[in-house]
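Colleague:
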Amino acid sequence: MFTIPVSFEDGLDGWFDRPVQTGPDPIDPASAAADERRLRRMISNRESARRSRMRKQKHLEDLRSQVNRIRSENREIANRVGLLSHHSQLLCLENKRLQSESATLRRRLAEIRYYLVMLELRTAAAVPINEQIPSIIA
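First residue of the sequence shown: 9, per this note's numbering; consecutive thereafter.
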């Protein structure tokens, strides 16, 4: 047989003597007003939570839209960087070619000036040109 400890039985004193409620409490105006305030507050809190969730959802959608826009901009910028890099390489090659051509032309100009000076000196000395100056124009 099951026995209940004495200390547990002491905690049940008066428990079984309480009246059993079978229907709603008699209407207490203060209690009814408190219940109405509690109900309004609960409805207000639910509506506030719903608005908060809506704001959060809109913010999340805005962030996703911003991410997509920025990714698209990044792709466009990367494409432009690639194109400009290629163009820069072409310009560097052209610049090197022009520098080489410029150096060649400066050397030829210096040679021509040298031969002109030599020509003037020989003409002044009355030496025939054909005998002493080789042809510089190839």
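Every residue gets a Cβ at the ideal spot worked out from N, C-alpha and C, and that includes glycine.
To the nearest angstrom, how far is the alpha carbon of H94 from that of L71?
Modeller: So the alpha carbons of these two residues sit roughly 34 Å apart.
Colleague: For the alpha helix (DSSP H) that R43 lies in, which residues bound it at each end?
Modeller: Arg is not the amino acid found at residue 43; the sequence shown has Asp there. First-last of the alpha helix (DSSP H) with D43: 37 to 133.
Colleague: Would you tell me roughly how many angstroms separate the C-alpha atoms of N53 and Q74, rounded to the nearest one?
Modeller: Approximately 31 Å between the Cα atoms of the pair.
Colleague: Report the rounded CA-to-CA distance for I51 versus I78, giving the unit in angstroms.
Modeller: Cα-Cα distance, rounded: 40 Å.
Colleague: Whole angstroms are fine: how far does the CA of N103 sit from the CA of H67?
Modeller: So the alpha carbons of these two residues sit roughly 52 Å apart.
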